[in-house]
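Engineer:
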Amino acid sequence: MKRLGLHLNPNKSFAFHLRGSTPVGTCDSSFFINNHRLIPVHEGEFHKFLGKPIGFKAVPNYSSLNDLGIKLATTKLTPWQRLYVLKTFFYSSLQFPMRTAQFPKRETGAKLTKSSSRRDELCAKSAIASLQSTVHKRIGRLPDDQILSDYMSGDIGGDFSTTSNKFSNTWYVARVASRRLGVQWIFENSVPSLVFKT
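Residue numbers (my numbering): 624 to 821.
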């Protein structure tokens with residue numbers, strides 16, 4: 624590294640030694656850079672590298688976001704001022720954590736499947752009614768299970784070849800994601816299931 628003109632800063636470097644044999648876990652091994660011992664990362668610990676938590680089971684820190692949310696909820700601002708503060712400060716504070724993938728990414732379709740196939744009958748009926756309304760507005764008639772399956776799987780032929788979406792909602796976003804990811808939706812008696820195409 625010296626030949627390349629690069630120097631490692633031992634104070635900003637960490638050692639992460641993971642044992643793969645039973646019992647699996649981290650080891651307290653000593654690693655050195657220029658006779659300086661690196662700080663070992665132990666079980667459950669993590670450190671920040673360029674602001675992103677790195678280490679063993681790094682858990683994102685939501686405390687600052689929670690504090691900001693509590694302050695916003697308890698403030699004596701008018702509703703329009705709260706919206707302005709939310710847009711200006713809260714959303715902007717999410718930019719870095721989201722860009723560095725500190726929050727887990729979940730596909731929209733998976734959340735929708737949970738809501739439309741829940742045991743809570745009222746919630747499931749509400750989700751299916753919302754989907755049926757979306758498809759009805761798209762094709763101009765009440766959809767059956769096959770049409771719901773085609774719509775959510777991202778089909779662009781048949782009933783969907785001559786129409787377009789006049790508005791975007793959660794179902795449309797899930798439809799686009801399903802098509803992109805190769806996910807097929809199957810509805811039986813208005814209950815969805817997902818099949819991943821290979």
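Ideal placement from N, C-alpha and C gives every residue a C-beta, glycine not left out.
1. What does a CB cutoff of less than 8 angstroms around P766 pick up in its chain, not counting 5 residues either side in sequence?
2. Going by DSSP in three states, T649 sits in which element: helix, strand or coil?
3. Here's the rule I'm using: 16 or more other beta-carbon atoms within 10 Å means buried, otherwise exposed. How should G805 be labelled?
4. Ignore the nearest five residues each way along the sequence and tell me which others in G780's own chain have a CB closer than 6 angstroms to its CB.
5. Give the secondary structure of R642 by DSSP, where H, G and I count as helix, E and B as strand, and everything else as coil.
6. Quick check on the DSSP output: the beta strand (DSSP E) that includes L754 runs from which residue to which?
7. Using only the alpha-carbon positions, how far apart do K745 and E811 sit?
8. Check whether the Cβ of S749 lies closer than 9 angstroms to any Cβ atom in chain B.
Structural biologist: On the basis of the coordinates in this document:
1. Locating residue 766 in the sequence shown gives position 143, where the first residue counts as 1. Close CB contacts of P766 within its chain, under the 8 angstroms cut and outside five residues either way in sequence, are with Q755, V758, H759, Y774 (chain order).
2. Counting from one through the sequence shown, the residue named residue 649 turns up at place 26. Looking at T649 - three-state DSSP - the assignment turns out to be strand.
3. One-based indexing of the sequence shown puts residue 805 at position 182. That one is exposed.
4. Position 157 of the sequence shown holds residue 780. Nothing meets the Cβ criterion.
5. The residue given as residue 642 occupies position 19 in the sequence shown. Shown here, R642 sits in a strand according to DSSP, grouped into three states.
6. Working through the sequence shown from its first residue, we reach residue 754 at position 131. Note, L754: premise wrong, no beta strand (DSSP E); alpha helix (DSSP H) at 744-762.
7. Numbered from 1 along the sequence shown, position 122 holds the residue referred to as residue 745. Numbered from 1 along the sequence shown, position 188 holds the residue referred to as residue 811. Reading the sequence as shown, one finds Leu at residue 745 and not Lys. The straight-line gap from Cα to Cα measures roughly 18 angstroms.
8. No chain B appears in this structure, which consists of one protein chain only.
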